[in-house]
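> Each residue of the sequence shown is one higher than the last, beginning at 862 in this note's numbering. Each residue gets a CB set at the ideal place from its N, CA and C atoms; glycine is no exception. Following this message is one structure expressed as structure tokens.
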Amino acid sequence: MKTDLSMAELLALVEIVDEHVDRNFPGVDPPRLLREVQQKLDTIILRHSKEVETTITPIQKKRKAGKMGS
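Here it is as structure tokens:
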């Protein structure tokens, strides 16, 4: 089983968890386990913030360019 995630995979996982929490627990505190998962993911992202920035910036630029072309 693969346990190492690339930065892009980690960011996608964070987005999935955040969307799940927002959709299923609107305006309420999510269950403890989900809150802990979010906190751990946030900690990892903070620890690797430089790598996150170099991963996410090209993705954001590509998305922005795609929206402008629509």
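#1: Mapping DSSP to helix, strand and coil, what is VAL882?
#2: I'd like the span of the alpha helix (DSSP H) that includes MET903, first residue to last.
#3: What is the DSSP secondary structure of VAL889, counted as helix, strand or coil?
#4: Mapping the DSSP letters down to three states, classify LEU866 as helix, strand or coil.
Looking at the coordinates:
#1: helix
#2: For the record, residue 903 in the displayed sequence is Asp; it is not Met. Note, ASP903: alpha helix (DSSP H), 893–908.
#3: coil
#4: coil
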